[in-house]
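**Q** Under our numbering, the first residue of the sequence shown is numbered 7, with each subsequent residue one higher.
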Amino acid sequence: MPELPEVETVRRGLAPALEGRRIVHVTQRRPDLRFPLPERFAERLTGRLVSRLDRRAKYILV
Numbered sequence: 007m008p009e010l011p012e013v014e015t016v017r018r019g020l021a022p023a024l025e026g027r028r029i030v031h032v033t034q035r036r037p038d039l040r041f042p043l044p045e046r047f048a049e050r051l052t053g054r055l056v057s058r059l060d061r062r063a064k065y066i067l068v
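#1: Is it true that the segment 15 to 24 meets the segment 50 to 68, where meeting means three or more beta-carbon pairs spaced less than 8 Å apart?
#2: Kindly list the residues whose CB is nearer than 8 Å to the CB of T52, restricted to its own chain and excluding five residues on each side of it in sequence; keep chain order.
#3: Tell me whether R54 sits in a helix, a strand or coil according to DSSP, three-state version.
#4: Starting from the C-beta of L43, find all residues in its chain whose C-beta is less than 8 Å away, skip the five residues before and the five after it, and write them out in chain order.
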């Protein structure tokens, strides 16, 4: 499990590369997640704009 400063460092590194870009493809690599993804999740995200990256505790929010 990453420590909080590491998560913030990753967020800061990803933000310039992702913010303002469009999501062109979504792949779910782990179908056995604790909480299943909503139906048509990939379809609903494709084409969306990444407005900003935030962090809530140890989660990066896109």
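Don't be surprised by glycine CBs; every beta carbon is placed ideally from N, CA and C.
Note that the structure is predicted; figures quoted are calculated from it, not measured.
**A** By the coordinates alone:
#1: yes
#2: I29, V30, H31 and V32
#3: coil
#4: Q34
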